[in-house]
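Accompanying notes for the structure given below.
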Amino acid sequence: MMAEHRIFTSKFSGVYPLYVKKVERKNRTQAEVDQIICWLTGYDQAGLQQQIDQGTDFRTFFAQAPQMHPNCSLIKGLVCGVRVEEVEDPLMQKIRFMDKLIDELAKGKAMEKILR
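The sequence shown begins at 493 in our numbering and counts up one residue at a time.
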């Protein structure tokens, strides 16, 4: 069996500020990051904040997500040279979906295009 990817047990709260920094460098906002994450996962703002405050790892973050957006299958493209639509591991794919949406925000894509 392959060793589990270390992102699964990484704290979401450790990566979240990196998402925010990445988009703020491109004149986007933390509120937009939150909007994307809530759109993708079904968390509301309070639920998202609770996950951050609790130091939840990525596996738990997605396991406890109220509902993945039905349109997340429309998220396509490359993250770190990998096509997100071809990622086989369901958890890794969810993480890559989120990475891709944050990338699109950082690249200046309009919010209505990001939230398919």
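By construction, the Cβ of each residue, glycine as well, lies at the ideal position given by its N, Cα and C atoms.
Hey, out of the options, whose CA is closest to residue i's CA?
{"i": "C572", "options": "H561, G547, I594, G539", "result": "I594"}
{"i": "S505", "options": "Q542, E577, R498", "result": "Q542"}
{"i": "K599", "options": "E496, R498, E516, V507", "result": "E516"}
What does DSSP give as the partner residue(s) for residue i in the beta ladder?
{"i": "D549", "result": "K503"}
{"i": "V574", "result": "V571"}
Does the Cβ-Cβ distance between residue i and residue j come in under 8 Å?
{"i": "K601", "j": "G547", "result": "no"}
{"i": "L583", "j": "F554", "result": "yes"}
{"i": "M590", "j": "L510", "result": "no"}
Any heavy atom of the ligand GTP inside 7 Å of the beta-carbon of residue i?
{"i": "E596", "result": "Summarising the ligand content, the structure contains no ligands, and the ligand GTP is consequently not present."}
How do the segment 536–548 and the segment 559–571 stand: do at least 3 beta-carbon pairs fall below 8 Å, yes or no?
Under the Cβ criterion (8 Å, minimum of three pairs), the segment 536–548 does not count as touching the segment 559–571.
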